[in-house]
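Colleague:
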Ligand SMILES: Nc1ncnc2c1ncn2[C@@H]1O[C@H](COP(=O)(O)OP(=O)(O)OP(=O)(O)O)[C@@H](O)[C@H]1O
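In full-length UniProt numbering, the protein residues as written are 1 to 591.
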C-alpha cells in the first residue's frame, strides 16, 4: 500500500486555486483511490477526500501517487492537466504507470537528468537572451547562477543601464527549455507540447536562478511559466545545480520549498492540522492565510527556496501590506542579504507575476529582489534599465509625464491578448441587460462573462434571468461549494452567462469564453485589462463589450487611450451588431 500514503506534497490554501477543483473531481479522486486500493484503504481515502472537500482549500495529496499533478494543480491553470492525469492514474500502476508521480520521477531513486543546467545534454538548449551563445556567455547569461555574488560576478550589475533586447525566443518544444525529461514527457502526454512565448523566455531564466518579474498579457500561460522551473527544481527533480544554488540542503529535506502567494479571499478552512501532519513542498495561499500560519509558527518557511507573488500588483495594495511584509521577511532569505546566524535560512528566489506591472512593482522588485530581470514574451531586461517614464505596460502615466495620444501605448501589446476586439455601446441603466442579450445573439456568443460592480444588482440580473438565457451568479457572498458548482456548470455549458464581479476578474481561466461584457464600468484601465483578459485566452478570438450610459462615454474613451486599443462604438439592430466605422477609423488613426 505504498502508494496510499497520504503524505502531503502540496497544500492549496488559495481560493482561486480551489475554485478550479470541482467537487465532482474530488469525488472521482476518492472513488479512484477506493477502487484502486480496495476497501481496506477506504478510511484513508475518505480522510483524504474529506480534507479535499473542506472548501477545496485543502488538498494534501499524495506523496507517492499524485504529487506532480497535484503540484501543477495548485494553481488555476493546471486544472486541465490535472483532470486528464486522473484518467491516466487509473490505467496503470505506479511506479511505472505513466502518470507523473514522485516515484515515477525518481523521488526515492535516481533523479532524471535535466537536459540543461550545464550538463552534457545541454547542447539542445537555446541561449536565453537572444544573439549568439558566445556573446551571452561572455556576459554571464546562460549559466546557472548560485548566489547574488555570482550574479554580480557574471556581470549583470555591470550591465545596469544596458537594455538587452532578446532576439525572438519562441521555443518549439518544452525540451528546448532545460526542463527535466520526465516533466517534458508528462507535459506532452497531457497535450502541452509547445511552450508559449512567455514560457519560452521565463523558464530558462528562472532555471538560472534569477529573480524575475514575469509580465505578459492575460491568458498567455504565466502560471506554468513559473511552475515548471519550480517543479523541476524541487523534490525528486532537484538537481545538483539547484542544490548548490540554494546553498546545499535547503533547510530540511522536503520542507516547504516554494510559497506561492495569490490575492484572493482567505479560506475559512483550517489547514493547521494538515500542516502538522504533513510536510508540503509547495504552499499556495492568500497573504492573510500564509502570514497568519507563519506568525503562529505553523508554517515554517525559512528554508523556502522560491517565493512567487502572483498578481503582484494586487498584492502590493494597501490591504495586503502587513501580511506581505511578514511573508517577505519570513520566506527564505532575501538574496544577497546578510545571513542571520541565529536563523538558518535559505536564499530564496523571488518571482513576481502579473499582466499589469505598474512602476510600483518595479520598485518593489528592486528592493526585495537581487538584480531582478523583467521577463516578457520575447525579451529579458535588467530591471535597472526600466524607468518610471517608460512604463513597461499598463502602469498609470507617471507624475509629470503626459501620454501622447497619437502614439500607441505599450499597454495593449503587453497586457491584453492581441486578438481581442473591444467595443462599447450606450444604453440606459434599465436597458443594459437587454443590450447584452442582443449582443450575445448578434455574436452568437456561447460562453459569456458579464461583470458588474454591485452584488445586489448582480443578483437581480440573474434572478430575473432578464437576459433570457441561462445565467448564474458568482461572487464572494456565495459559499465555496456554491461557487464551485456554478463554475462547473459554466464550464460544462449548462450556464451560458456568468454574472460576476471583480472576484473573477483575475485568474479565472475558462478557455472557451468568447465574450466579456462590462455591464458596469471597471474602476480603471488595469481592472479593464484583467476583466477583458477572461476572453481571448491563449490565442483564441474574443470580444469585449462595455455597455455604458451616455455620461460615462468619456471614461471609456479615457481607458481606450490608456490601454492603447481601439474601443469602437457599436449598436445592435435587427439582430446584428453595427460598428460605427467612422469612429473606428478615427480611433484607428489616433493610434
Ligand atoms: N504551453 C501551453 N500549451 C497549451 N496550453 C497552455 C500552455 N501553457 C498554458 N496553457 C493553458 O493556457 C491557459 C492560460 O494560462 P494561464 O492561466 O497561466 O495564463 P495567465 O497568463 O496566467 O493569465 P492571467 O494573467 O489571466 O492569469 C490555461 O488554461 C493553461 O492551462
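Where is the CB? At the ideal position from N, CA and C, for every residue including glycine.
By Cβ distance, which residues of its chain are closer than 6 Å to residue 508, with the 5 residues on each side in sequence left out?
Modeller: The residue labelled residue 508 in the question sits at position 508 within the chain shown. Same-chain partners within the cutoff: 534.
Colleague: Please classify residue 79 as buried or exposed, where buried requires at least 16 other C-beta atoms within 10 Å of its C-beta.
Modeller: Looking up residue 79 in the chain shown gives position 79. Confidence at residue 79 is low in this model, with a pLDDT of 34, below 50, so its placement is unreliable and no value can be given for it.
Colleague: In three-state DSSP terms, what is residue 475?
Modeller: As a first step, residue 475 is located in the chain shown; it is residue number 475 there, counting from the start. Three-state DSSP puts residue 475 in coil, outside helix and strand.
Colleague: Determine whether the beta carbon atoms of residue 315 and residue 287 lie at a separation below 8 Å.
Modeller: Stepping through the chain shown from its first residue, residue 315 is reached at position 315. Stepping through the chain shown from its first residue, residue 287 is reached at position 287. Yes, Cβ-Cβ distance for residue 315 and residue 287 is below 8 Å.
Colleague: Evaluate contact between the stretch 525-544 and the stretch 206-223, counting only Cβ atoms and requiring at least three cross-stretch pairs below 8 Å.
Modeller: Contact holds: three or more Cβ-Cβ distances are below 8 Å.
Colleague: Mind listing, in chain order, the continuous beta strand (DSSP E) runs of no fewer than 3 residues lying wholly within the stretch 470-538?
Modeller: 471-474, 497-500 and 515-518, all fully within the stretch 470-538.
Colleague: Let me make sure I understand the geometry here. Which of 196, 256 and 255 has the alpha-carbon closest to that of residue 228?
Modeller: For this step, residue 228 is matched to residue 228 along the chain shown. Of the listed residues, the one whose Cα sits closest to residue 228 is 196.
Colleague: For residue 378, which option in 347, 351, 372 and 414 has the closest C-alpha, if you only look at C-alpha atoms?
Modeller: As a first step, residue 378 must be located in the chain shown, where it is residue number 378. Nearest C-alpha to residue 378: 414.
Colleague: Quick one: Cα of residue 232 to Cα of residue 210, how far?
Modeller: Your numbering for residue 232 matches position 232 in the chain shown. Your numbering for residue 210 matches position 210 in the chain shown. Cα to Cα, residue 232 sits roughly 15 Å from residue 210.
Colleague: Hey, could you find the ends of the beta strand (DSSP E) residue 382 is sitting in?
Modeller: Translated into positions along the chain shown, residue 382 becomes position 382. Unbroken beta strand (DSSP E) run through residue 382: 380-382.
Colleague: What residue range does the beta strand (DSSP E) around residue 201 cover?
Modeller: Walking along the chain shown from the start, residue 201 turns up at place 201. Segment 197-207 is the alpha helix (DSSP H) holding residue 201; no beta strand (DSSP E) there.
Colleague: Under the three-state reduction of DSSP, which class applies to residue 569: helix, strand or coil?
Modeller: Here residue 569 refers to the residue found at position 569 of the chain shown. The answer is strand: DSSP assigns residue 569 an E or B state.
Colleague: To the nearest angstrom, how far is it from the Cα of residue 600 to the Cα of residue 575?
Modeller: With the chain covering only 1 through 591, there is no way to say anything about residue 600.
Colleague: Since residue 259 sits in a beta bridge, which residues does DSSP pair it with?
Modeller: Here residue 259 corresponds to residue number 259 of the chain shown, with the count starting at 1. Beta-bridge pairing links residue 259 to 283 and 307.
Colleague: Could you check where the beta strand (DSSP E) with residue 354 kicks off and where it finishes?
Modeller: Numbered from 1 along the chain shown, position 354 holds the residue referred to as residue 354. 349-354 is the extent of the beta strand (DSSP E) around residue 354.
Colleague: Within 10 Å of its beta-carbon, does residue 541 have 16 or more other beta-carbons around it, so buried, or fewer, so exposed?
Modeller: By 1-based counting over the chain shown, the position of residue 541 is 541. Exposed, since its Cβ has fewer than 16 Cβ neighbours within 10 Å.
Colleague: Locate the alpha helix (DSSP H) running through residue 548, then write down its first and last residues.
Modeller: Locating residue 548 in the chain shown gives position 548, counting from the first residue. Element bounds for residue 548: not the alpha helix (DSSP H) but the beta strand (DSSP E), 542-548.
Colleague: With distance defined between alpha-carbon atoms, name the residue in 469, 501 and 200 nearest to residue 478.
Modeller: Against the chain shown, residue 478 aligns to sequence position 478. Nearest of 469, 501 and 200 to residue 478, Cα basis: 501.
Colleague: Cβ of residue 195 versus every heavy atom of ligand 1: is any distance shorter than 7 Å?
Modeller: Translated into the one-based positions of the chain shown, residue 195 becomes position 195. Answer for residue 195: yes, Cβ within range of ligand 1.
Colleague: Leaving out the 5 sequence neighbours to the left and right, which residues in its chain are closer than 6 Å to residue 309 when beta-carbon positions are compared?
Modeller: The residue you call residue 309 lines up with position 309 of the chain shown. Only 261, 315 and 352 meet the Cβ criterion.
Colleague: In whole angstroms, what separates the C-alpha of residue 374 from that of residue 387?
Modeller: Translated into the one-based positions of the chain shown, residue 374 becomes position 374. Translated into the one-based positions of the chain shown, residue 387 becomes position 387. So the two alpha carbons sit approximately 12 Å from each other.
Colleague: Beta-carbon within less than 6 Å of residue 468's beta-carbon, same chain only, minus the 5 sequence neighbours each way: which residues are those?
Modeller: On the chain shown, position 468 is the one that residue 468 refers to. Contacts found: 437.
Colleague: For a test of the three-state rule: what should DSSP assign to residue 325, helix, strand or coil?
Modeller: Taking the first residue of the chain shown as position 1, residue 325 is located at position 325. In the structure shown, residue 325 sits in a helix (DSSP, three-state: H, G or I).
Colleague: Assuming residue 301 and residue 330 make a contact with CB atoms under 8 Å, what is their CB distance in whole Å?
Modeller: As a working note, residue 301 is residue 301 in the chain shown. As a working note, residue 330 is residue 330 in the chain shown. Contact holds; Cβ gap of about 6 Å.
Colleague: With distance defined between alpha-carbon atoms, name the residue in 189, 190 and 202 nearest to residue 170.
Modeller: Within the chain shown, the letter at position 170 stands for residue 170. Ranking the options by Cα distance to residue 170, first place goes to 202.
Colleague: Find the nearest neighbour of residue 446 within the set 511, 483, 556 and 565, judged by alpha-carbon distance.
Modeller: The sequence position of residue 446 within the chain shown is 446, counting from 1. Nearest option by C-alpha distance: 511.
Colleague: Taking DSSP as the reference, what is the three-state secondary structure of residue 559?
Modeller: Here residue 559 corresponds to residue number 559 of the chain shown, with the count starting at 1. Correct three-state label for residue 559: helix.
Colleague: When the Cα of residue 443 is compared with those of 485, 524, 471 and 513, which residue comes out closest?
Modeller: For the purposes of this step, residue 443 is identified with residue 443 of the chain shown, where counting begins at 1. With distances taken between Cα atoms, residue 443 lies closest to 513.
Colleague: Could you spell out the range, first to last residue, of the alpha helix (DSSP H) harbouring residue 439?
Modeller: Translated into positions along the chain shown, residue 439 becomes position 439. Counting along the chain, the alpha helix (DSSP H) containing residue 439 begins and ends at 432-443.
Colleague: Put residue 226 into one of helix, strand or coil per three-state DSSP.
Modeller: The residue labelled residue 226 in the question sits at position 226 within the chain shown. If DSSP states are grouped into helix, strand and coil, residue 226 belongs with the helices.
Colleague: According to DSSP, which residues form a beta bridge with residue 213?
Modeller: The residue labelled residue 213 in the question sits at position 213 within the chain shown. 352 and 374, per the DSSP bridge assignment.
Colleague: Distance, Cα to Cα, residue 545 vs residue 295?
Modeller: One-based indexing of the chain shown puts residue 545 at position 545. One-based indexing of the chain shown puts residue 295 at position 295. C-alpha separation (whole angstroms): 45 Å.
Colleague: Thinking just about the alpha-carbon of each residue, which of 527, 344 and 516 is nearest to the one in residue 537?
Modeller: For the purposes of this step, residue 537 is identified with residue 537 of the chain shown, where counting begins at 1. Comparing Cα positions, the closest option is 516.
Colleague: Here's a check: name, in chain order, each residue in its chain whose Cβ is nearer than 7 Å to the Cβ of residue 573, leaving out the five neighbours to either side.
Modeller: Taking the first residue of the chain shown as position 1, residue 573 is located at position 573. For residue 573, where only same-chain residues beyond five positions count, there are no Cβ hits under 7 Å.
Colleague: So what does residue 449 bridge to, in DSSP terms?
Modeller: Mapped onto the chain shown, residue 449 falls at position 449. Partner(s): 498 and 516.
Colleague: Report yes if the CB atom of residue 348 is closer than 8 Å to the CB atom of residue 366, and no otherwise.
Modeller: Translated into positions along the chain shown, residue 348 becomes position 348. Translated into positions along the chain shown, residue 366 becomes position 366. Going by C-beta atoms, residue 348 is not nearer than 8 Å to residue 366.
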